[in-house]
Every structure is written in structure tokens, then in C-alpha cells.
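Remarks on the structure that follows.
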Amino acid sequence: MKRTLLLLFFALGMGYVGWGQATLPATEQFNYAVGELRTVGSGNNWTRISGTTNDLTVETGNTTYNGYLGSNGRNVVLNNGDADDLKYTFTSQNSGKIYASFTLNVTNTTGLGVGAYFVSLGTGTSSFATRLFIKTGAVSGFALAVARNSNTPSTYSSDLSTGTNYLIVIAYEIVSGATNDIASLWINPTITTTEPAAGFTITGAVADFAIDGFMLRQASGSPNATIDDLKVSTTWSGLFNKP
Numbered sequence: 580m581k582r583t584l585l586l587l588f589f590a591l592g593m594g595y596v597g598w599g600q601a602t603l604p605a606t607e608q609f610n611y612a613v614g615e616l617r618t619v620g621s622g623n624n625w626t627r628i629s630g631t632t633n634d635l636t637v638e639t640g641n642t643t644y645n646g647y648l649g650s651n652g653r654n655v656v657l658n659n660g661d662a663d664d665l666k667y668t669f670t671s672q673n674s675g676k677i678y679a680s681f682t683l684n685v686t687n688t689t690g691l692g693v694g695a696y697f698v699s700l701g702t703g704t705s706s707f708a709t710r711l712f713i714k715t716g717a718v719s720g721f722a723l724a725v726a727r728n729s730n731t732p733s734t735y736s737s738d739l740s741t742g743t744n745y746l747i748v749i750a751y752e753i754v755s756g757a758t759n760d761i762a763s764l765w766i767n768p769t770i771t772t773t774e775p776a777a778g779f780t781i782t783g784a785v786a787d788f789a790i791d792g793f794m795l796r797q798a799s800g801s802p803n804a805t806i807d808d809l810k811v812s813t814t815w816s817g818l819f820n821k822p
């Protein structure tokens, strides 16, 4: 009896250590009831880090990309101008490379401006190492770019189309030394176990820090969009192994 109680206590203790964070590689397909992500996804590592109203919502729909995961009928919806930042917490990484892949469909260009970030990899509640920016396209649609920490993007993508599903990969690489970590962005990369060259990279003169979360942000300048099929991994190949 004592041995049984001891094993139960140990198991509960181990479970408690893991509560509130995902172990990598992790897959999030928003398989929840329709409603506020912070509420329906509570206990599954989603927490609010900023904002007080207009939570991101889980809604019925698929934002799929051929050959990548495959949605199960739910996605998360972002709305321009709402004020809410949510974080998907995972085991803190302080070396190597951290990737996040997801499908993105920007439904229209309403509210887009000269550049605002809406997705990031970071730590804590206010340190964002890799930030994905969006702005109105030069001719039509929208364009994406990547920045590191508080820096602004140096180069945006060519114009992308609204109403189209894209596969997006962002990454943060912790490089030995104080100020040379790298933020990267891929748009519709080839789905393969071999990592292709990034479409965009940027470094910045700021100190290194660990990465423990994937963040979604609604704010002025952020898009009206759906996001689905999130994967976070410490290897490129880990992004494209189906759960």
C-alpha cells in the first residue's frame, strides 16, 4: 500500500511539473470547442500575456496546406484592431534553433498599415525574439517580413494574396556569442526533412535569451486572418512529421 501511494504521489508530482507547458516537438491544431481560445484552450498551455478584451477565438473552419498536417475542423481567428496577446508555452530552450510552423490565411487587407507584428517566438510576457510582421502589399494583397526583438524588418516579401492558404515557418537560432542570434522566415517552403535556405533572415545587436513560447497578437495593424496547424520543434524535420 505504501509503495502504491508513493508511486501515485510521484506520478502526480511529475504531472504537476509538466503542467502549463508543452514538451517539444509539440502540435496544436486548436481541437477545442468554438469559443475564446484562452478559455477553451486553458490547461493546454494558452494564457493571456497582454490585453483585457476581445480574445482570439476558435472557430469552425480549415486552413490547410497540401502535404502539411491537415486540419481537424477548427482554426483560430485574429481580428484587426482587437487588443489581445496569447501565449502557447513550451519547455524553455536556451541553445540551438527553435522553429514554429503554421498555416495562415489573411482574409482581407482591412486595417493593414505600414507594418505591425502579429506572431512571435519569445520568452516571458514581453520579450519577443522572432516577430512576424505584415503590411499592405506594394500593389495588392499583403506582404510579410521578419524582425528580431524590438528591431523593425529590413525587407518584406513580394505581394501575397488574400484568401489564400500559406505555410509559414519562423525560427530563432541561438548562436554562441552575445549579440548574433538569428531570426528567420520561410513562406511556402518545400515540405522535406532537409532544411532549405530561409527566405529572410535578420540579426540584431541585442543580448541572447531563451525561448519558451509562441505568441499570437491582435492589435492595430494586425490582420484579419485564420491560423491553424501549429507545430513547434527544435529540428526542421520535426515540423513535418505528422502526430
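In case it helps, the numbering used here puts the sequence shown at residues 580 to 822. Glycine included, each C-beta is placed from N, C-alpha and C at the ideal position.
Check the Cα spacing between G703 and each of S719, T626, T773, E638: the tightest is with T626.
Pairing L711 with Y644 gives a Cβ-Cβ distance that is not under 8 Å.
Secondary structure at T618: helix, using DSSP grouped into helix, strand and coil.
Annotation: the stretch 744-821 contains the following complete segments of the beta strand (DSSP E) (minimum length 3 residues), in chain order: 745-753, 761-766, 779-782, 790-797, 803-812. Comparing alpha-carbon positions, the option among L809, N624, T813, V725 lying closest to F779 turns out to be V725.
In terms of Cβ geometry, I761 and S736 do not form a close pair [threshold 8 Å].
Minimum Cα-Cα distance from T715 among the listed residues N684, S801, S763, D664 corresponds to S801. Contact between the stretch 633-647 and the stretch 748-757 is absent, with fewer than three C-beta pairs closer than 8 Å.
Following the DSSP letters along the chain, one finds S629 inside the beta strand (DSSP E) bounded by residues 625-629. By the criterion of a C-beta distance shorter than 8 Å, D738 is surrounded in its chain by G716, A717, V718, S719, G720, F721, A722, once the five residues flanking it on both sides are discounted. Residue nearest to F669 within the set S812, D791, L809 is D791 (criterion: CA-CA distance). Around the C-beta of S816, fewer than 16 other C-beta atoms lie within 10 Å, and the residue is accordingly described as exposed. Note on N728: 16 or more other CB atoms within 10 angstroms of its CB, so buried under the neighbour-count rule. Cβ neighbours of A695 within its own chain (closer than 6 Å, five residues either side excluded): G800, S801.
Rounded to the nearest angstrom, the Cβ distance from T758 to A786 is 7 Å, consistent with a contact under 8 Å. One alpha carbon belongs to A777, the other to G620, and they sit about 31 Å apart.
N730 sits close to I781, with the two beta carbons spaced by under 8 Å.
In chain order, S812, G817 place their CB closer than 6 Å to the CB of P604, counting only its own chain and leaving out the 5 sequence neighbours on each side. In the structure shown, N654 falls within a strand segment according to DSSP collapsed to helix, strand and coil.
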